[in-house]
Amino acid sequence: RLMATVKSAYELRKSKQEIHHLKKKENNLKQVINEGRNYIIGQSKALTSVLNLVAKVAKTDVNVLITGENGTGKELIARELHRLSSRKDEVFIGVDMGSIAENLFESELFGHTKGSFTDAKEDRAGKFEAAHQGTLFLDEIGNLSLQMQAKLLSSIQNRSVVRVGSNKPIKVDIRLVCATNCNLEQMVADGLFREDLLYRINTIHIEVPPLRERDEDILVLADFFLKKFAHKYDKPGLRINNVAQEKLMEYPWPGNVRELQHTMERAVILSDGSVLKPSDFLLHAKPTQSYGDQPITLNEMEQQMIFKALEQHEGNYSAAAEQLGISRQTLYNKLKKKND
Numbered sequence: 081r082l083m084a085t086v087k088s089a090y091e092l093r094k095s096k097q098e099i100h101h102l103k104k105k106e107n108n109l110k111q112v113i114n115e116g117r118n119y120i121i122g123q124s125k126a127l128t129s130v131l132n133l134v135a136k137v138a139k140t141d142v143n144v145l146i147t148g149e150n151g152t153g154k155e156l157i158a159r160e161l162h163r164l165s166s167r168k169d170e171v172f173i174g175v176d177m178g179s180i181a182e183n184l185f186e187s188e189l190f191g192h193t194k195g196s197f198t199d200a201k202e203d204r205a206g207k208f209e210a211a212h213q214g215t216l217f218l219d220e221i222g223n224l225s226l227q228m229q230a231k232l233l234s235s236i237q238n239r240s241v242v243r244v245g246s247n248k249p250i251k252v253d254i255r256l257v258c259a260t261n262c263n264l265e266q267m268v269a270d271g272l273f274r275e276d277l278l279y280r281i282n283t284i285h286i287e288v289p290p291l292r293e294r295d296e297d298i299l300v301l302a303d304f305f306l307k308k309f310a311h312k313y314d315k316p317g318l319r320i321n322n323v324a325q326e327k328l329m330e331y332p333w334p335g336n337v338r339e340l341q342h343t344m345e346r347a348v349i350l351s352d353g354s355v356l357k358p359s360d361f362l363l364h365a366k367p368t369q370s371y372g373d374q375p376i377t378l379n380e381m382e383q384q385m386i387f388k389a390l391e392q393h394e395g396n397y398s399a400a401a402e403q404l405g406i407s408r409q410t411l412y413n414k415l416k417k418k419n420d
């Protein structure tokens, strides 16, 4: 009995050390984010409405589902919920559910005991335990298989986790925030998402509007990113001319705020003078012509392919260039030629 007590005390101490280590890593990340000034920027009615809802919901502990297109800032909204909550001095743990392999799902979220599988060299706490008394943010929740959904639902319902290799439940106190760019209601109808899990995570629903519905914020964000990257790359005094501002306003921004951020960073890096012109932004305007039986030129076909690749990769030029089998500089040149 004495040995069992000593072993239990040792395991408890080790678990606390693991959780402390995870929380320390999260606090370091939080400091980096604050230093990076990744705040929610904008003054549009659409964004203000969302932030007003966030302020109301943050005071409670209810589960929140954040939806919106890629690049709209769903994680920033989740972090704002945490910042305004009573848990603000505790950790915010973010998990990209889409990047977790199914065979590692339980280990990552719920932890494991030493020897529970080949690579389990020691006991390890999962994300749920690490987020104890803080906020757990599960991004891309729509990417989970039905089997993974069932395991997640059980932990949410029971407010506890069971580490892989153990049968002892561990109580956790977390604020759960989930996010997705999927239509979960449609996925439920298609048999791809559990209806009971949707009810559990969707006590409050926050829809983040795309940038094209936030016209008033485009130039505000552009100016914010301009100053940020001008400082980062030591190019003071940069400004955007009026024609370029009009182009930024006209562009539909399929990759949303993330695409605008990438666009401004590239423009600052590639700028030669103190004034940014339309050609500095390499904006890829989506073709609106309906060709029907009309022949299209090779250049027009090429532009369509480029736009499609950029749209698929949310404005990431490196990824789009790789998909197209060309260098990033070649992609820049083709778009620059089009915009001139």
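If you're matching positions, the sequence shown starts at 81 in my numbering and goes up one per residue. Virtual Cβ for every residue (Gly too), placed ideally from N, Cα, C.
Run of the alpha helix (DSSP H) containing residue i, from where it starts to where it stops
i	result
Thr-343	336-350
Ile-236	226-238
Val-142	Counting along the chain, Val-142 falls outside any alpha helix (DSSP H), and DSSP gives it neither H nor E.
Asp-276	275-281
Asp-303	295-312
Glu-287	Taken as a continuous stretch (DSSP letters only), Glu-287 belongs to no alpha helix (DSSP H), being part of the beta strand (DSSP E) at 284-287.
Thr-128	125-138
Val-268	264-269
Leu-184	Looking at the DSSP string, Leu-184 is not in any alpha helix (DSSP H), and its letter there is neither H nor E.
Ile-173	Ile-173 -> not in any alpha helix (DSSP H); beta strand (DSSP E) instead, spanning 172-176.
Arg-159	154-163
Val-323	322-330
Glu-149	Glu-149 -> no alpha helix (DSSP H), and no H or E assigned at all.
Glu-202	First-last for Glu-202: undefined, no H or E at that position.
Ala-400	397-404
Reference residue i; option with closest CA among the options
i	options	result
Gly-148	Ala-126, Ala-205, Ala-400 and Val-137	Ala-126
Met-329	Leu-291, Ile-284 and Val-268	Leu-291
Val-323	Tyr-331, Pro-316 and Glu-296	Tyr-331
Gln-325	Thr-343, Pro-334, Lys-315 and Lys-308	Thr-343
His-285	Leu-145, Ser-165 and Thr-260	Leu-145
Ala-302	His-212, Tyr-279, Leu-356 and Met-228	Leu-356
Gly-174	Val-268, Lys-136 and Gly-206	Gly-206
Leu-226	Glu-155, Thr-410 and Leu-264	Leu-264
Ala-259	Val-252, Leu-216, Asp-297 and Ser-235	Leu-216
Arg-159	Leu-131, Asn-150 and Leu-184	Leu-131
Leu-233	Glu-275, Pro-334, Glu-287 and Lys-251	Glu-275
Ser-354	His-162, Leu-306 and Arg-408	Leu-306
Ser-441	Asp-253, Arg-408 and Thr-140	In the structure as shown, the chain starts at 81 and stops at 420, and residue 441 therefore has no counterpart that could be examined.
Lys-315	Arg-338, Leu-184 and Leu-350	Leu-350
Gln-403	Leu-415, Lys-327 and Lys-388	Lys-388
Glu-42	Phe-172, Gly-271 and Arg-167	Nothing about residue 42 can be reported from this structure: the residues present for the chain run from 81 to 420 only.
Between the CA atoms of residue j and residue i - distance to the nearest angstrom
i	j	result
Ser-370	Ala-401	Only weak support is given to the placement of Ser-370: the predicted model assigns it a pLDDT of 38, under 50, and the value that follows is read from those uncertain coordinates. Rounded to the nearest angstrom, the two C-alpha atoms are 26 Å apart.
Asp-352	Asn-321	14 Å
Asp-176	Asp-219	5 Å
Arg-255	Val-241	15 Å
Gly-405	Gly-153	30 Å
Gly-222	Glu-186	17 Å
Glu-182	Leu-224	8 Å
Leu-411	Ser-359	13 Å
Met-267	Tyr-279	13 Å
Lys-231	Asn-336	33 Å
Pro-289	Gln-123	13 Å
His-393	Leu-340	13 Å
Arg-239	Cys-262	26 Å
Asp-169	Leu-362	42 Å
Leu-133	Glu-382	43 Å
Asp-295	Glu-345	20 Å
Ala-138	Lys-312	33 Å
Arg-117	Phe-309	Any reading at Arg-117 must be qualified, since the residue scores a pLDDT of 39, below 50, and its modelled position is unreliable; the value itself is stated next. If I take the Cα positions, the gap works out to 12 Å.
Ile-386	Gln-237	46 Å
Asn-247	Ser-129	45 Å
His-162	Ala-399	32 Å
Asn-413	Ser-407	10 Å
Trp-333	Lys-327	11 Å
Exposure of residue i, with buried meaning 16 or more beta-carbon neighbours within 10 Å
i	result
Pro-430	As shown, the chain starts at 81 and ends at 420. That puts residue 430 outside it, with no answer to give.
Asn-108	Because Asn-108 sits at a pLDDT of 45, beneath the cut-off of 50, its placement in the model cannot be relied upon, and the point is left open.
Tyr-397	buried
Asp-203	buried
Glu-209	buried
Ile-281	buried
Lys-251	exposed
Ala-135	exposed
Asp-297	buried
Ser-235	buried
Leu-142	It is Val, not Leu, that sits at residue 142 in the sequence shown. Flag for Val-142 reads exposed.
beta-carbon residue i near the ligand NAP non-hydrogen atom, thresh 8 Å
i	result
Glu-402	Looking at this structure, you won't find the ligand NAP or any other ligand, since it has none at all.
Supposed close pair residue i, residue j - CB separation, criterion 8 Å
i	j	result
Ser-196	Gly-245	3 Å
Phe-304	Ile-157	Incorrect: roughly 17 Å between the Cβ atoms, too far for contact.
Val-348	Leu-390	So it is not a contact: roughly 19 Å between Cβ atoms.
His-212	Arg-243	Actually they do not touch by this definition, with Cβ atoms about 14 Å apart.
Gln-229	Phe-273	7 Å
Arg-338	Gly-151	3 Å
Where the beta strand (DSSP E) containing residue i begins and where it ends
i	result
Ile-250	249-251
Thr-30	Nothing about residue 30 can be reported from this structure: the residues present for the chain run from 81 to 420 only.
Gln-255	Rather than Gln, the amino acid found at residue 255 in this sequence is Arg. 255-260 is the span of the beta strand (DSSP E), which, as asked, contains Arg-255.
Phe-217	215-219
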